[in-house]
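> Per our numbering, the very first residue in the sequence shown carries number 342; after that it's consecutive.
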Amino acid sequence: MSLSRRGFLSLVGAGAVAVGLAGCGDAGAGQTADLLRSSIPLPPRFRVPLPIPAVKKPTRSDGQADYYDIVQRQAVLEIVPGYRTPIFGYDGTFPGPTIRSRSGRTAVVTHRNELPVPTVVHLHGGHTPPEHDGYPVDLVYPVGGQAGGHGQHGQHAAMTGDTRQGSREYVYPLAQPAATLWYHDHRMDFTAPQVWRGLAGFHLIDDEVSDGLPLPHGERDIPLMICDRAFNEDGSLLYPALDPSLQTTPGVQDDYMEGVMGDVILVNGAPWPTLEVDAARYRFRILNASNARRYGLVLDAAPDGGGFVQIGSDAGLLAAPVTQDRLDAAPGERFEVVVDFARYPVGTEVVLRNQLGAGSTAEVMRFVVARKASDDSTVPRTLAEIEPLPHTTARVHREWRFSRGIVNGHRGWTINGRAFDPGRMDARPKLGEVEIWRLFTDLHHPVHIHLSPFQVIGRSGGGPGRLDAGWKDTVDVRPAEFVDVAVRFDGYAGKYLLHCHNLEHEDMAMMAAFEAV
Ligand code: C2O
Ligand code: CU
Ligand code: CU
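1. From the DSSP output, which residues share a beta bridge with Lys713?
2. I'd like the span of the alpha helix (DSSP H) that includes Glu677, first residue to last.
3. Under the three-state reduction of DSSP, which class applies to Gly348: helix, strand or coil?
4. Please confirm whether Arg635 has its beta-carbon closer than 7 Å to some beta-carbon of chain D.
5. Measuring alpha carbon to alpha carbon, tell me which residue in Val481, Thr434, Ile428 and His468 is nearest Arg453.
6. Please report the straight-line C-alpha distance between Thr590 and Ala699, rounded to a whole angstrom.
7. When the Cα atoms are used, what is the spatial distance from His738 to Ser586?
8. Could you check where the beta strand (DSSP E) with Ser442 kicks off and where it finishes?
9. Helix, strand or coil for Cys365, going by three-state DSSP, please let me know.
10. Smallest Cα separation from His791: which of Pro644, His527 and Ala621?
11. What separation, rounded to the nearest whole angstrom, lies between the Cα atoms of Pro787 and Val618?
12. Express the C-alpha separation of Leu693 and Asp474 in angstroms, rounding to a whole number.
13. Determine the DSSP secondary structure at Pro534, reduced to helix, strand or coil.
14. Going along the chain, which residues of its own chain have a beta-carbon closer than 6 Å to the beta-carbon of Thr723, five neighbours each way excluded?
15. Determine which residues share a DSSP beta bridge with Gly764 and list them.
16. What do you reckon, is the C-beta of His452 under 6 Å from a heavy atom of ligand 1?
17. Using 8 Å for Cβ pairs, my map puts Gly657 next to Ala520. What's the rounded Cβ distance?
18. Can Gly502 be considered in contact with ligand 1, in the sense that its beta carbon sits closer than 6 Å to one or more heavy atoms?
19. Pull up the CB-CB distance for Phe531 and Val650, whole angstroms please, since I reckon it's below 8 Å.
20. Taking C-alpha atoms, which residue in Gly485, His468, Val484 and His463 lies nearest to Val478?
21. So what does DSSP say about Ala703, is it helix, strand or coil?
22. So is Arg742 buried or exposed if we call it buried at 16+ other beta carbons inside 10 Å?
23. Is His859 near ligand 1 - that is, is its Cβ less than 6 Å away from at least one heavy atom of it?
24. May I ask you to report which of helix, strand or coil DSSP gives Asp595?
25. Could you spell out where the alpha helix (DSSP H) holding Leu844 opens and where it closes?
26. Quick test of your reading: Gly610 and Phe435, contact by CB under 8 Å. State the CB separation rounded to the nearest angstrom.
27. Residues in its own chain within less than 6 Å of Gly576 by CB, not counting five upstream and five downstream?
28. Grouping DSSP H, G and I as helix and E and B as strand, with all else coil, what is Val421?
29. Here's the rule: buried if 16 or more other CB atoms are within 10 angstroms of the residue's CB, otherwise exposed. What is Ala642?
30. Please go through the same chain and pick out, in chain order, the residues whose beta-carbon is closer than 7 Å to the beta-carbon of Gln696, but skip the five residues on each side of it.
31. At a threshold of 6 Å, does Gly806 count as lining ligand 1 (C-beta to nearest heavy atom)?
32. In angstroms with no decimal places, state the Cα-to-Cα distance between Leu565 and Pro390.
33. Check whether the Cβ of His732 sits closer than 6 Å to any heavy atom of ligand 2, and report yes or no.
34. Out of Glu704, Leu659, Lys713 and His785, point me to the one whose CA is closest to Glu869's CA.
35. When you compare only the Cα positions, how much space is there between Ala644 and Asp681?
36. Is Arg453 helix, strand or coil when you go by DSSP?
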């Protein structure tokens, strides 16, 4: 594949125009998405406590594995005080239960589908054999339902996956370092509405390296799933699906082509929550689980300045901590940080703000420094060993262009000008070999690669950005930019995906398959 200079320039030109347009709408600067407004009065901020998703207990364990059973079902939750919101939830909760595993110890998760729609489960960031990775046509049909058709962009018609009726066992060997992973729905054409309805949860991995570090732990190690939603008058989730039954026609109304953003910010499923903290260090595992919204996260500064100490990214700990005043988080990305609340006087209210939001979406949650407390944690100068991928000698270079395009005769999103086709392999990388992938975009596209993590080696010909350190599996590619990543697939041969993690873009065909060989 080659991209001519002229082709690249025209891509840049198109990007610049489109960014200008996006900036005119409600979306505000820094977003490729459209704002959906709730028809209920927005709840007051900082009134509800931060929920912490329950840690799931294995149903049983043996010498090699822990076995979990999750039921995907509908439930009615009180997300906004005084309103009842029907959701799709793993075990009927939103977020789903947190699974906590040891590196190298297999987790076998059986998902039973009691929802009215087919589902697919993907462990995002998992180093997973292909048959368990949640290929989008490997549908699990509802218990007792009919194995029916599924929505199609047209190009998909030929492909049926490895489907199941009622339930499916997903086997995760987890031969990978400690990291903050998450699991979520990945159903062909309907991932965005199904995640919006609630199908997302954390899966954390610990290992010897992470255990050996004096980082905050236990009650001071907290996952934060940040996402945005909008609500109908009756409290139900508002979403501009073309087919609200999520049975046949995929996609969203034309006005929301760029992606759907809500006006209510949820953390762990609660609107603008509050967390009372000790005046001590905390470890936060921040996940942007939004469909399309990007965040520019900042903390009200401590008297001596500064905000976050970043210790990890998508796929594990960094080599060394990095002080960050602002975390730019695109959908799918994770940032692990330590915040030292001892730097604030007791009684201080510390707001986590979003500089890429406006009005209601400019705030995320609040911490209240409640009391003095002892703290034996520290942030060590070195964290984990990270082998730099030897990319200068890479022989295979591939280019992936993420841009608007025509999908089955309609406006959609494409990679290298083509709509997703689960039966077409667009690359055949060799296991064990380092490749350089250049990701070009027109607008903002958070690009996610399955199977193996990657290292960012540069942006638009320069060096990596300040948030690009460590092992990544999702990278925010900004308008008219290109990002070079070094990747080495290993472990499992088979079919995997790369796609935009703006879930509306993903559903509207911005996805490609490759076969690791
Ligand atoms: Cu988080 Cu292919 O997805
Ligand atoms: Cu993934
Ligand atoms: Cu995109």
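A virtual CB, placed ideally from N, CA and C, is assigned to each residue, including glycine.
In short:
1. Residue numbering aside, residue 713 sits at position 372 when the sequence shown is read from its first letter. According to DSSP, Lys713 bridges with Ala620.
2. Within the sequence shown, residue 677 is the residue found at index 336, counting from 1. From DSSP, Glu677 is part of no alpha helix (DSSP H) but of the beta strand (DSSP E) over Arg675 to Asp681.
3. Your numbering for residue 348 matches position 7 in the sequence shown. Residue placement at Gly348 cannot be trusted, given a pLDDT of 35 that sits under 50; what the coordinates show is reported in the next sentence. Helix.
4. Structure shown: chain D not included; a single protein chain is present.
5. For the purposes of this step, residue 453 is taken as residue 112 along the sequence shown, with counting starting at 1. Minimum Cα distance to Arg453 is reached at Val481.
6. Numbered from its first residue, the sequence shown carries residue 590 at position 249. Numbered from its first residue, the sequence shown carries residue 699 at position 358. About 32 Å.
7. Counted from its first residue, the sequence shown places residue 738 at position 397. Counted from its first residue, the sequence shown places residue 586 at position 245. Those two C-alpha atoms are separated by around 42 Å.
8. Indexing the sequence shown from 1 puts residue 442 at position 101. Unbroken beta strand (DSSP E) run through Ser442: Ile440 to Arg443.
9. In the sequence shown, counting from the first residue as 1, residue 365 sits at position 24. With a pLDDT of 34 at Cys365, under the threshold of 50, the modelled position of this residue cannot be trusted, and the question is left open.
10. Stepping through the sequence shown from its first residue, residue 791 is reached at position 450. Looking at the Cα atoms, His527 is the closest of the given residues.
11. The count along the sequence shown starts at 1 and reaches residue 787 at position 446. The count along the sequence shown starts at 1 and reaches residue 618 at position 277. C-alpha separation (whole angstroms): 32 Å.
12. Numbered from its first residue, the sequence shown carries residue 474 at position 133. Numbered from its first residue, the sequence shown carries residue 693 at position 352. Distance between the alpha carbons of Asp474 and Leu693: 34 Å.
13. Locating residue 534 in the sequence shown gives position 193, counting from the first residue. Helix, per DSSP.
14. Sequence index remark: in the sequence shown, residue 723 carries index 382 (1-based). Counting only Cβ-Cβ distances below 6 Å, and skipping sequence neighbours, we find Ala661.
15. In the sequence shown, counting from the first residue as 1, residue 764 sits at position 423. Looking at the DSSP assignment, Gly764 forms no beta bridge with any residue, so it has no partner.
16. Your numbering for residue 452 matches position 111 in the sequence shown. No - ligand 1 has no heavy atom lying nearer than 6 Å to the Cβ of His452.
17. In the sequence shown, counting from the first residue as 1, residue 657 sits at position 316. In the sequence shown, counting from the first residue as 1, residue 520 sits at position 179. Yes, Gly657 and Ala520 are in contact; Cβ-Cβ is about 4 Å, under 8 Å.
18. Counting from 1 along the sequence shown, the entry for residue 502 is found at position 161. Result no, Cβ not under 6 Å from ligand 1.
19. Residue mapping note: residue 531 aligns to position 190 of the sequence shown, counting from 1. Residue mapping note: residue 650 aligns to position 309 of the sequence shown, counting from 1. At roughly 39 Å, the Cβ-Cβ gap does not stay under 8 Å, so Phe531 and Val650 are not in contact.
20. For this step, residue 478 is matched to residue 137 along the sequence shown. With distances taken between Cα atoms, Val478 lies closest to His463.
21. As a position in the sequence shown, residue 703 is number 362, starting the count at 1. If DSSP states are grouped into helix, strand and coil, Ala703 belongs with the helices.
22. Sequence index remark: in the sequence shown, residue 742 carries index 401 (1-based). With 16 or more other Cβ atoms within 10 Å, it is buried.
23. Residue 859 cannot be examined here, being either before or after the span of the chain that is shown, 342 to 858.
24. Sequence index remark: in the sequence shown, residue 595 carries index 254 (1-based). Note: Asp595 maps to helix in three-state DSSP.
25. If you number the sequence shown from 1, residue 844 lands on position 503. Looking at the DSSP string, the run of the alpha helix (DSSP H) that includes Leu844 is Leu844 to Asp848.
26. Residue 610 sits at position 269 when you count from the first residue of the sequence shown. Residue 435 sits at position 94 when you count from the first residue of the sequence shown. Correct: roughly 5 Å between the Cβ atoms.
27. Residue 576 sits at position 235 when you count from the first residue of the sequence shown. Same-chain partners within the cutoff: Tyr424, Arg425 and Thr426.
28. Mapped onto the sequence shown, residue 421 falls at position 80. DSSP places Val421 in coil when its eight states are reduced to three.
29. Within the sequence shown, numbered from 1, the residue matching residue 642 stands at position 301. That one is exposed.
30. By 1-based counting over the sequence shown, the position of residue 696 is 355. Taken in chain order, the residues that qualify are Gly637, Val639 and Arg667.
31. Here residue 806 refers to the residue found at position 465 of the sequence shown. No; taking the cut-off as 6 Å, the Cβ of Gly806 has no heavy atom of ligand 1 nearer than that.
32. Here the question's residue 565 lines up with position 224 in the sequence shown. Here the question's residue 390 lines up with position 49 in the sequence shown. Their Cα atoms are separated by approximately 13 Å.
33. The residue you call residue 732 lines up with position 391 of the sequence shown. Answer for His732: no, Cβ out of range of ligand 2.
34. Given a span of 342 to 858 for the chain in the structure shown, any question on residue 869 remains unanswerable.
35. One-based indexing of the sequence shown puts residue 644 at position 303. One-based indexing of the sequence shown puts residue 681 at position 340. The amino acid at residue 644 is misidentified as Ala; the sequence shows Pro. Cα to Cα, the separation comes out at about 12 Å.
36. Taking the sequence shown and counting its residues from 1, one reaches residue 453 at position 112. Strand at Arg453.
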